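Notes follow the structure.
As structure tokens, this is what we get:
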């Protein structure tokens, strides 16, 4: 709760380096890399419920946990911005501190989750209890406007373990620069069943920290929601894909990689004969 007790308004940044953002339609919420005014949420305290907050968007609507499924047959529930006839528990969130980040828990035990993967999951926000990707429910809290001492209780003023991240525009330019370019820029493409991908257009991208192939594979699986993927590069000589087997190049130059799902026909080319499934094995 100490992340919110001194802040009048905050921004919430997800594991995917994107901000919780109120859509201009006045109903939806999503993740976006730009920290616009739509990413600012006013903090309201719930009277009689210690440690519980409401978050109000720039449209003066509240971050709301709905009981409706986000997609039919999956566990995630919808998160929207709304103004209920009565401010009930659907607009109440309990911040649970975890190190220098928070989880935002609904009154019924679910957590605000920033989804990755491919569309329609990409950039969506739901609430549930994740069985995988537990870091998707962790949020950085950036203070936008602080409360004055007159607005605070004595306990708040004395609070010694309070910690809030300053928004990026208040950080030093040198610190901003080092964070912005930390790691390696990865562009990635998911190939079709025959191994084709259009890399003439810019692929989806993210910043990768670390130089191990294992780090890259894990991050790509998180971003796409695919498992047991084969990560490839394209040969400059003949244009064919070849799987990455060793450590990534030592410099931090951008990389273009291609994801081959293990269930695709194209994966047959890169898998040892003994490990091919019958559906992928070549017919005599």
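In this note's numbering, the protein residues as written are 14 to 297.
We put the beta carbon where it would ideally sit given N, CA and C, even for glycine.
These numbers come from a predicted model, not from an experiment.
Could you check what DSSP says for residue i in three-state terms: helix, strand or coil?
| i | result |
| --- | --- |
| residue 276 | coil |
| residue 102 | helix |
| residue 282 | helix |
| residue 207 | coil |
| residue 51 | helix |
| residue 199 | strand |
| residue 148 | helix |
| residue 247 | strand |
| residue 255 | strand |
| residue 59 | coil |
| residue 17 | coil |
Determine the contact status of residue i and residue j, defining contact as a CB-CB distance below 8 Å.
| i | j | result |
| --- | --- | --- |
| residue 280 | residue 243 | yes |
| residue 278 | residue 212 | no |
| residue 151 | residue 232 | no |
| residue 226 | residue 260 | yes |
| residue 110 | residue 17 | no |
| residue 159 | residue 21 | yes |
| residue 155 | residue 19 | no |
Using the Cβ count rule (16 or more neighbours within 10 Å means buried), how would you classify residue i?
| i | result |
| --- | --- |
| residue 112 | exposed |
| residue 126 | buried |
| residue 96 | exposed |
| residue 32 | buried |
| residue 75 | buried |
| residue 137 | buried |
| residue 123 | buried |
| residue 34 | buried |
| residue 295 | Note that residue 295 scores a pLDDT of 44, beneath 50, so its modelled location is shaky and nothing firm can be said. |
| residue 300 | Here the chain covers residues 14 to 297 and nothing more, so residue 300 does not appear. |
| residue 234 | buried |
Kindly indicate the opening and closing residues of the alpha helix (DSSP H) around residue i.
| i | result |
| --- | --- |
| residue 232 | 226–237 |
Hey, quick one: how far does the beta strand (DSSP E) through residue i stretch, first residue to last?
| i | result |
| --- | --- |
| residue 153 | 153–159 |
| residue 84 | From DSSP, residue 84 is part of no beta strand (DSSP E); its letter is neither H nor E. |
| residue 2 | With the chain covering 14 to 297 only, the question about residue 2 has no answer from this structure. |
| residue 29 | Here residue 29 belongs to no beta strand (DSSP E), and DSSP marks it neither H nor E. |
| residue 43 | 42–45 |
| residue 124 | 124–127 |
| residue 111 | 107–111 |
| residue 141 | 138–141 |
| residue 116 | 114–118 |
| residue 66 | 66–69 |
| residue 131 | Per DSSP, residue 131 belongs to no beta strand (DSSP E) and is neither H nor E. |
Assuming residue i and residue j form a contact by the criterion Cβ under 8 Å, report the distance between their Cβ atoms to the nearest whole angstrom.
| i | j | result |
| --- | --- | --- |
| residue 120 | residue 105 | 5 Å |
| residue 77 | residue 103 | 5 Å |
| residue 100 | residue 133 | At roughly 30 Å, the Cβ-Cβ gap does not stay under 8 Å, so residue 100 and residue 133 are not in contact. |
| residue 145 | residue 237 | Not a contact, Cβ separation roughly 13 Å. |
| residue 202 | residue 210 | 4 Å |
Using a Cβ-based criterion (distance less than 7 Å to any ligand heavy atom), does residue i qualify as near the ligand ADP?
| i | result |
| --- | --- |
| residue 25 | Absent from the structure shown: the ligand ADP. Ligands present: none. |
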